[in-house]
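Asker:
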Amino acid sequence: MKEIIAIIVFCLALIKGEINSEILIVSENNCHQVFDKDQGQITSLGYPTFSSSNSSCTYVIKAKKGQVISLQWKDFNLPAGHDRLCHGSSDSVVVYDGRQIGINNLYTPMCGNHSFDITSSGNMMTVVLSSTSDEFDIMSFYRGFKAAYKSMSHHCKNMIYKTGYGAIASPHFPMAYPANLDCVYTIKLNQDRVMLLEFAEFALKPVKGNNNKMAMDDCDDYVEVYEGAISQRNRYFRHCGYYKPHPITTGGNIVHIKLHSAKSQLALYTGFRAFYYSGVPNKCGLFYGTPSGALTIPVIPQTSGINVECQFTIKSPQVAYYRVRWLSFGQDLFKKGCDENNYIEIYNGFYDKKDKLLAKKCDTKLDEFDTQYNEMLVRFKIEKFNPSRNFKFIYIGVTNNTVKVITDKNQTCTAKTTIVYRYSGPEVISREVKCELFSIGGLPFWASLLIVCGAGGGGLGAISVAFCLIRRRIRARRRYRRFERSDSEGSL
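Going left to right, the sequence shown walks through residues -21 to -1, 1 to 471 as mature numbering (1 follows the signal peptide of the UniProt record, and there is no 0) numbers them.
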């Protein structure tokens, strides 16, 4: 029945003229197109009917200099994949920031019914439709895609990005950025969204001296990232030099990126380009694998009025430790302090032990503290959650040349690794391994060996009996030899 309906829909669309029968045959001339108007639309070949063609179609959108491009999907229907990265799908769409197709320009592939609106960092955007199947399946009816684009002026101050995905770049990127800049780029998504922010390219004037040993507060030119509001308390970091800042997983839907350059400088540095990707959190938020981020309970229908209980670990090998800073507490959260149904706990490392407890929040004081390790366990339970019973803190991965000695032990060996956490990443300075002879419970080697050999039940007794018999035989043989020697000499 499904197959018959698909064929009928296809035929009706062809009769009505919604499908141009002439473009059902793939042609290189109409599969690769350039769009240079201020606004317009792009469609897949044969839309609203799509068929795999074992080929690649490229659509280049080009705006005027000083403009960016906003792409919005009006319809998107392709074969689905096994996951959000479209593994297992024969057809997918990838959008690139700019004309050059490369890893630094790549957005997440799209397939199935999953698509996201995109804003470019510059005046060019490339849409690539890839098909790896040459078999037309009349029983599977897909529409392809239809998207609208428009160009917008790119301005340095108070530029707002509202699309789900996007790229942000400093003025004139990839050319040198000018002097005397104070730019603010704001990403403002829907309230039920959070985002991942990653810097793909980064080159700002470094502090004099070793780029790995600089103090970020001494930067003449810098980039700052803020969670929610532009204030010192909400700042993740100030960064300059040649090394990219660490990725961030936000706890909310608003992020600010601030770029400052000195009044006088040589035009030598290209600035930055960053990508952001939005996501919908569950009741506990998103997976916190980034070196920096924010944590709060999402205000979504799934959390309204329920008892929220979560536990997860934040861990990143790229940093030495975390700085945790409380940003806000709901007015009704800790009116009566903590109890078994209302608490927030943060531990050093994975282990749920009292001696590892760093903080148990029972008040609304906005303090901050440092963890000891680059992993921390977060546990919280909030009864009958609503926005007035929420909380929020940011955690910042620290890498300012912190030296740490990491010790690993087993029964026989101890390894000590000295690591310096630099802006460029962790660097192993030395590694020392010491091993001792095998022992059990601190016993001597020979005793441990006897225990191991005799662990098979009666083994120790057998070894002892054998040892005594061998020793007795050796002594008897010695006495016999002395008797023979004395007898041959003629005396006893």
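The beta-carbon is built from N, C-alpha and C at its ideal position, and this holds for glycine as well.
What three-state label does DSSP hand Asn286 in the structure shown?
Answerer: Here residue 286 refers to the residue found at position 307 when the sequence shown is read from its first residue. If DSSP states are grouped into helix, strand and coil, Asn286 belongs with coil.
Asker: Expressed to the nearest angstrom, what Euclidean distance is found between the alpha-carbon atoms of Gly91 and Tyr38?
Answerer: The sequence position of residue 91 within the sequence shown is 112, counting from 1. The sequence position of residue 38 within the sequence shown is 59, counting from 1. Roughly 20 Å between the two C-alpha positions.
Asker: Measuring CA to CA, which of Asp76, Thr111, Lys262 and Met195 is closest to Lys363?
Answerer: In the sequence shown, counting from the first residue as 1, residue 363 sits at position 384. Cα-wise, what sits closest to Lys363 is Lys262.
Asker: Would you kindly check if the distance between the Cβ of Gly376 and the Cβ of Ser257 is under 9 Å?
Answerer: On the sequence shown, residue 257 is found 278 positions in, with the first residue counted as 1. On the sequence shown, residue 376 is found 397 positions in, with the first residue counted as 1. Cβ distance not < 9 Å, so Ser257 and Gly376 don't count as in contact.
Asker: Who does His218 pair with in a DSSP beta bridge?
Answerer: Here the question's residue 218 lines up with position 239 in the sequence shown. Paired residue(s): Val202.
Asker: So which of Val13, Cys135, Tyr222 and Gly309 has the shortest CA-CA distance to residue 474?
Answerer: As displayed, the chain neither begins before -21 nor continues past 471, which places residue 474 out of reach and without an answer.
Asker: CB Ile356 to CB Phe291, shorter than 9 Å?
Answerer: Residue mapping note: residue 356 aligns to position 377 of the sequence shown, counting from 1. Residue mapping note: residue 291 aligns to position 312 of the sequence shown, counting from 1. Note on residue identity: the sequence assigns Leu, not Ile, to residue 356. Going by C-beta atoms, Leu356 is nearer than 9 Å to Phe291.
Asker: Within 10 angstroms of its Cβ, does Glu411 collect 16 or more other Cβ (buried), or is it exposed?
Answerer: Looking up residue 411 in the sequence shown gives position 432. Result: exposed.
Asker: Thinking just about the alpha-carbon of each residue, which of Asn353, Met154 and Cys414 is nearest to the one in Phe45?
Answerer: Working through the sequence shown from its first residue, we reach residue 45 at position 66. In the sequence as presented, Phe is not what sits at residue 45; that position holds Gly. The shortest Cα separation from Gly45 among Asn353, Met154 and Cys414 belongs to Met154.
Asker: Going by beta carbon distance, what residues of the same chain come within less than 6 Å of Leu336, once the five residues before and after it are set aside?
Answerer: Start at 1 with the first residue of the sequence shown, and residue 336 comes out as number 357. Cβ within range, chain order: Tyr326.
Asker: Span of the beta strand (DSSP E) holding Val163?
Answerer: Indexing the sequence shown from 1 puts residue 163 at position 184. Unbroken beta strand (DSSP E) run through Val163: Asp161 to Lys167.
Asker: With a 10 Å radius around its C-beta and 16 neighbouring C-beta atoms as the bar for buried, classify His11 as buried or exposed.
Answerer: For this step, residue 11 is matched to residue 32 along the sequence shown. With fewer than 16 other Cβ atoms within 10 Å, it is exposed.
Asker: Could you work out which residue in Thr105, Ser100, Lys16 and Ile82 is closest to Ser35 when comparing CA atoms only?
Answerer: Against the sequence shown, residue 35 aligns to sequence position 56. For the residues Thr105, Ser100, Lys16 and Ile82, the minimum Cα distance to Ser35 belongs to Thr105.
Asker: Which one of Tyr221, Pro224, Lys388 and Thr28 has the shortest CA to CA distance from Val121?
Answerer: What you label residue 121 is simply residue 142 of the sequence shown in a count that begins at 1. First, the amino acid is wrong: residue 121 is Tyr here, not Val. With distances taken between Cα atoms, Tyr121 lies closest to Thr28.
Asker: Mark Cys414 as exposed unless 16 or more other C-beta atoms lie within 10 angstroms of its C-beta, in which case mark it buried.
Answerer: The residue labelled residue 414 in the question sits at position 435 within the sequence shown. That one is exposed.
Asker: Within 10 Å of its beta-carbon, does Leu345 have 16 or more other beta-carbons around it, so buried, or fewer, so exposed?
Answerer: For the purposes of this step, residue 345 is taken as the residue at position 366 of the sequence shown. The residue in question, Leu345, is exposed, as its Cβ has fewer than 16 Cβ neighbours within 10 Å.
Asker: Apart from the five residues on each side of it in sequence, which residues of its chain come closer than 7 Å, Cβ to Cβ, to residue 556?
Answerer: In this structure the chain extends from -21 to 471, so residue 556 is not present and cannot be described.
Asker: Answer yes or no: do Cys198 and Arg217 have a C-beta to C-beta separation smaller than 9 Å?
Answerer: On the sequence shown, residue 198 is found 219 positions in, with the first residue counted as 1. On the sequence shown, residue 217 is found 238 positions in, with the first residue counted as 1. The answer is yes: Cβ separation under 9 Å.
Asker: Is the Cβ-Cβ distance between Phe178 and Lys237 less than 9 Å?
Answerer: Counted from its first residue, the sequence shown places residue 178 at position 199. Counted from its first residue, the sequence shown places residue 237 at position 258. No, Cβ-Cβ distance for Phe178 and Lys237 is not below 9 Å.
Asker: Going by CA-CA distance only, name the one from Cys219, Gly264 and Tyr144 that's closest to Asp171.
Answerer: Stepping through the sequence shown from its first residue, residue 171 is reached at position 192. Closest option to Asp171, Cα to Cα, is Gly264.
Asker: What's the call for Cys162, buried or exposed, on a 16-neighbour Cβ count within 10 Å?
Answerer: Here residue 162 corresponds to residue number 183 of the sequence shown, with the count starting at 1. Answer is buried; the Cβ neighbour count reaches 16.
Asker: How many angstroms separate the CA atom of Lys192 from the CA atom of Pro185?
Answerer: On the sequence shown, residue 192 is found 213 positions in, with the first residue counted as 1. On the sequence shown, residue 185 is found 206 positions in, with the first residue counted as 1. Residue placement at Lys192 cannot be trusted, given a pLDDT of 49 that sits under 50; what the coordinates show is reported in the next sentence. Between Lys192 and Pro185, the C-alpha separation is close to 11 Å.
Asker: Comparing alpha-carbon positions, which option in Asn286, Ser23 and Ile233 lies nearest Asn365?
Answerer: Locating residue 365 in the sequence shown gives position 386, where the first residue counts as 1. Comparing Cα-Cα distances from Asn365 to each of Asn286, Ser23 and Ile233, the minimum goes to Asn286.
Asker: At what residues does the beta strand (DSSP E) containing Cys36 begin and finish?
Answerer: Position 57 of the sequence shown, counted from the first residue, corresponds to residue 36. It spans Ser35 to Lys41 - the beta strand (DSSP E) in which Cys36 sits, taken as one unbroken run.
Asker: Quick check on Phe135: does DSSP put it in helix, strand or coil?
Answerer: Working through the sequence shown from its first residue, we reach residue 135 at position 156. Looking at the sequence itself, residue 135 is Cys, so the reference to Phe does not match. Correct three-state label for Cys135: coil.
Asker: Can you give the beta carbon distance from Leu176 to Cys219, rounded, assuming they're within the 8 Å contact cut?
Answerer: In the sequence shown, counting from the first residue as 1, residue 176 sits at position 197. In the sequence shown, counting from the first residue as 1, residue 219 sits at position 240. The Cβ separation is near 17 Å, so there is no contact.
Asker: What are the boundary residues of the beta strand (DSSP E) that Gln20 is part of?
Answerer: Within the sequence shown, the letter at position 41 stands for residue 20. Gln18 to Thr22 is the extent of the beta strand (DSSP E) around Gln20.
Asker: In whole angstroms, what is the alpha-carbon distance linking residue 536 and Asn353?
Answerer: Outside the modelled stretch of the chain, which goes from -21 to 471, sits residue 536, for which no answer is possible.
Asker: What do you get for Thr386, buried or exposed, if any count of 16 or more other CB atoms within 10 angstroms of its CB means buried?
Answerer: Your numbering for residue 386 matches position 407 in the sequence shown. Thr386 should be labelled exposed.
Asker: Looking at C-alpha atoms only, which residue of Gly231, Thr249 and Ile166 is the closest neighbour of Asp200?
Answerer: Within the sequence shown, numbered from 1, the residue matching residue 200 stands at position 221. With distances taken between Cα atoms, Asp200 lies closest to Thr249.
Asker: Exposed or buried, which one is Tyr205 when buried takes at least 16 other CB atoms within 10 Å?
Answerer: Your numbering for residue 205 matches position 226 in the sequence shown. Counting Cβ neighbours within 10 Å, Tyr205 comes out buried, since at least 16 surround it.
Asker: May I ask you to report which of helix, strand or coil DSSP gives Met355?
Answerer: Position 376 of the sequence shown holds residue 355. Note: Met355 maps to strand in three-state DSSP.
Asker: Between Pro150 and the rest of its own chain, which residues show a CB-CB distance below 6 Å, the 5 nearest in sequence each way excluded?
Answerer: Numbered from 1 along the sequence shown, position 171 holds the residue referred to as residue 150. Here the set comprises Cys135 and Tyr156.
Asker: So what does DSSP say about Ser71, is it helix, strand or coil?
Answerer: Position 92 of the sequence shown, counted from the start, is the residue given in the question as residue 71. Strand, per DSSP.
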